[in-house]
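Numbering (this note's numbering), first residue to last: 47 to 708. Each remark here refers to the structure printed beneath this line.
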Ligand code: IVH
């Protein structure tokens with residue numbers, strides 16, 4: 047039986063790796079996401095039942111169990127250089143002349159790549175296994191972000207060997223990036239949770255790679271393209287083009303738009319064509335990279351110490367255009383936060399029509415001194431949301447007046463107040479209709495209760511006609527109520543009622559997220575759901591108890607406590623319609639809620655996998671022994687922690703006993 051399980055587990059891992067390869071490298075998936083998820087779920091289930099069979103390179107082990115204290119630094123075996131830039135055709139031609147002169151021949155070719163706007167990383171594979179992932183840092187030393195890069199599904203944990211030998215050592219360099227759709231999604235979630243949005247996908251990628259908790263990185267949907275080597279035990283080819291082909295055979299994703307150019311004219315044409323086409327991609331590029339193909343020729347040219355002489359980037363100009371500010375609106379968010387929005391005369395910018403630009407806050411509006419009637423320059427660079435970069439003061443119409451931050455809520459006329467940080471201005475009236483609407487929109491949103499058909503236009507009507515004030519009211523709506531709304535026929539009414547009914551089955555995480563507590567997005571909601579298992583218990587938790595939870599600081603704790611103090615009755619009423627369950631079931635009764643400290647070397651587990659096993663058993667893995675520790679799991683060569691456990695009288699167990707408890 048054990049042998050069969052082991053075989054099945056290995057089979058599943060191989061299958062999953064093959065499908066990752068088909069998806070990320072070849073872009074030719076053979077199965078649906080659902081079928082993939084099924085394979086993955088089966089593997090997870092088998093591993094949970096047989097934790098002794100879990101290995102660090104299993105596809106289930108991408109996410110480590112615990113946050114890090116900080117990042118170690120790693121020295122790059124081969125420095126990660128930077129790149130010189132060009133901004134126009136003449137500069138690019140000058141580069142080509144230097145190449146021709148340096149080589150003393152015109153017999154060379156270029157490889158043209160997209161310059162992906164993400165974060166450069168170096169991935170070190172030893173005997174085919176990913177051992178380290180590091181950021182560029184200063185080029186010589188970078189941060190060890192192994193736990194984070196392991197969560198990027200496009201990055202293989204072990205290399206394939208599709209007709210090529212797996213190198214003993216291979217450092218792969220490439221770009222980790224956040225696809226545009228993922229970026230928009232992350233920002234939507236952040237804004238809903240009252241967190242500041244990322245300015246552009248590059249910042250979002252850098253922020254995600256620098257998180258100490260890889261469990262959050264795993265949710266950021268980062269991706270990866272490989273484009274160079276660092277150290278290697280044997281060369282993969284004689285030129286760059288062949289090397290990229292070997293990358294693919296090793297299971298490393300390579301950008302599909304890479305082209306070869308026989309001379310600089312052809313290179314330039316390719317570069318210019320992408321300046322126009324860049325909006326078609328689901329990731330941001332800020333230019334192109336032109337690389338000499340042959341490695342022997344690269345060696346002749348060498349580098350300046352800062353940057354190689356054999357490659358250069360061709361940077362696109364940020365798309366800019368001029369338009370007029372027709373009006374300035376103030377938007378009220380679900381927690382009352384007010385933001386200025388400028389309505390523009392529609393213009394075409396880098397392929398999309400822009401009608402509005404948002405400003406982060408009133409300080410920014412005042413710094414730029416944007417007024418109604420102003421002619422402004424808007425820009426779309428790395429940013430996806432257009433920004434106002436400058437006001438053309440010479441074109442300002444006479445009498446245009448300074449925009450004053452609101453002293454009353456533009457929606458309800460209620461009092462407003464600046465937050466303690468002095469930036470955000472908030473409407474203080476909790477019954478402000480704009481806030482009610484935003485809260486309901488959020489509650490019904492895709493990431494929360496996912497009520498299909500309950501869009502903004504319907505919510506606006508429901509609130510204005512006083513049919514709905516708070517989420518619980520949605521569950522009291524009748525056919526009659528809905529038929530009274532604009533553009534709602536019997537069929538759509540039935541569908542909507544069905545969707546509302548269906549939302550009653552959403553799990554606890556979604557319900558907590560749906561409440562719209564400030565700073566509580568889906569990730570924090572999940573932590574709370576796992577911890578409290580029931581909304582009623584969460585409602586009772588004290589501020590101290592909340593702040594004590596791993597990853598929940600005092601600010602979030604206070605916000606949660608405030609929310610339930612203010613909205614206790616409303617939340618209770620919601621509970622009469624919903625009975626949300628926590629989705630995590632606990633594997634072991636004996637270990638549930640216990641604290642376990644691991645010390646020494648274990649036979650069947652790595653540091654990461656044992657922590658995961660402890661977590662899956664419903665227990666907490668801690669790193670220091672105290673009186674509160676329930677068990678110390680001691681392996682070979684256990685040292686001071688074991689001594690301390692004995693001194694404090696904490697129960698010491700070995701690996702075998704631990705497994706029995708599971
Ligand atoms: S090659 C010696 N290829 O651009 C330089 N870099 O400005 C080796 N980048 O730090 C890098 N796309 O983060 C290379 N196709 C590509 C790239 C690329 C983006 C980034 C990379 C590098 C930066 C230099």
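We treat Cβ as the ideally placed atom computed from N, Cα and C, and that holds for glycine. The structure displayed is predicted, hence computed values, not measured ones.
What three-state label does DSSP hand residue 729 in the structure shown? Lying outside 47 to 708, the shown extent of the chain, residue 729 is not represented and no answer is given.
With 16 other CB atoms within 10 Å as the buried threshold, where does residue 194 fall? Around the beta carbon of residue 194, a 10 Å sphere encloses 16 or more other beta carbons of the protein chains shown; the residue is thus reported as buried.
Residue closest to residue 48, alpha-carbon to alpha-carbon, out of 98, 355, 81: Checking every option, the nearest Cα to that of residue 48 belongs to 98.
By DSSP's criteria, residue 478 is part of a beta bridge. Which residues make up the other side? Per DSSP, residue 478 has no beta bridge partner at all.
At what residues does the alpha helix (DSSP H) containing residue 76 begin and finish? Residue 76 -> no alpha helix (DSSP H), and no H or E assigned at all.
Hey, residue 157 and residue 307: beta-carbon distance below 9 Å or not? Cβ atoms of residue 157 and residue 307: closer than 9 Å.
Near residue 468, what residues of its chain come up, given a Cβ to Cβ distance below 6 Å and the 5 sequence neighbours on each side ignored? Taken in chain order, the list of residues that qualify is empty.
Decide if residue 178 is buried, meaning its Cβ has at least 16 other Cβ atoms within 10 Å, or exposed. It is buried - the Cβ of residue 178 has at least 16 other Cβ atoms within 10 Å.
Pull up the distance between the alpha-carbon of residue 596 and that of residue 126, whole angstroms please. Cα to Cα, residue 596 sits roughly 36 Å from residue 126.
Identify which residue in 365, 221, 262 has its Cα closest to the Cα of residue 236. When only C-alpha atoms are compared, the closest one is 262.
If residue 474 and residue 460 are in contact, beta carbons under 8 Å, what's the gap, nearest whole angstrom? Right, the Cβ-Cβ distance comes to about 6 Å (below 8 Å), so this counts as a contact.
Excluding five sequence neighbours on each side, which residues of the same chain lie with their C-beta closer than 7 Å to the C-beta of residue 146? 152, listed in sequence order.
Following the continuous alpha helix (DSSP H) through residue 285, name the residue where it begins and the one where it ends. Note, residue 285: premise wrong, no alpha helix (DSSP H); not H, not E.
Ligand 1 and residue 431: does any heavy atom of the ligand fall closer than 8 Å to the residue's C-beta? Checking every heavy atom of ligand 1 against the Cβ of residue 431, none is found closer than 8 Å.
Under the assumption that residue 379 contacts residue 360 (Cβ atoms under 8 Å), give the Cβ distance between them as a whole number of angstroms. Incorrect: roughly 41 Å between the Cβ atoms, too far for contact.
Nearest by alpha-carbon distance to residue 303: which of 282, 326, 285 is it? For residue 303, the closest alpha carbon among the candidates 282, 326, 285 is that of 326.
Can you round the beta-carbon distance between residue 268 and residue 222 to whole angstroms, since I take them to be within the 8 Å contact cut? That belief holds up - the Cβ atoms of residue 268 and residue 222 are roughly 5 Å apart, short of 8 Å.
Taking 8 Å as the cut-off, is the C-beta of residue 317 nearer than that to any heavy atom in ligand 1? Flag unset: Cβ of residue 317 not near ligand 1.
Tell me whether residue 162 counts as near ligand 1, meaning its Cβ is closer than 8 Å to at least one heavy atom of that ligand. Under cutoff, so the answer is yes.
Hey, how far is the Cα of residue 339 from the Cα of residue 285? Taking the straight line joining both Cα atoms gives about 5 Å.
Cα separation between residue 120 and residue 225? As the crow flies, the alpha-carbon of residue 120 is around 27 Å from that of residue 225.
Straight-line CA distance for residue 487 to residue 105? About 36 Å.
Quickly, what does DSSP pair residue 172 with across the bridge? List them, please. The partner list for residue 172 (beta bridge, DSSP) reads 175, 215.
In its own chain, which residues sit with a C-beta less than 7 Å from the C-beta of residue 353, not counting the 5 before and 5 after it? Contacts found: 127, 128, 129, 130.
Any heavy atom of ligand 1 inside 8 Å of the beta-carbon of residue 335? For ligand 1, at least one heavy atom lies less than 8 Å from the Cβ of residue 335.
Let me check understanding here. Comparing Cα to Cα, which of 589, 617, 594, 600 lies closest to residue 580? Of the candidates 589, 617, 594, 600, the one whose C-alpha sits nearest the C-alpha of residue 580 is 617.
For chain D, check one thing: does any of its Cβ atoms lie closer than 9 Å to the Cβ of residue 408? The structure shown contains no chain D; it holds only a single protein chain.
List, from N- to C-terminal side, the beta strand (DSSP E) runs of 3 residues or more that fit wholly inside the region 428-465. Listed in chain order, they are 433-437, 462-464.
How about residue 70 and residue 199: do their beta carbons lie closer than 9 Å? Contact: yes.
Quick one: what does DSSP say residue 623 is sitting in, helix, strand or coil? Helix, per DSSP.
I need the straight-line Cα distance from residue 647 to residue 249, nearest angstrom please. Near 39 Å, if we compare the C-alpha coordinates of residue 249 and residue 647.
For a quick check, are the C-beta atoms of residue 756 and residue 139 less than 9 Å apart? Residue 756 is absent from the structure shown; the chain starts at 47 and stops at 708.
Under DSSP, the beta strand (DSSP E) around residue 536 begins and ends at which residues? Unbroken run through residue 536 is the alpha helix (DSSP H), 536-548; no beta strand (DSSP E).
In chain order, which continuous runs of the alpha helix (DSSP H) of length 4 or greater are located wholly inside the region 49-92? Correct list: empty.
Looking only at its own chain, which residues have a Cβ that is under 6 Å from the Cβ of residue 695, when we skip the five neighbours before and after it? Here the set comprises nothing.
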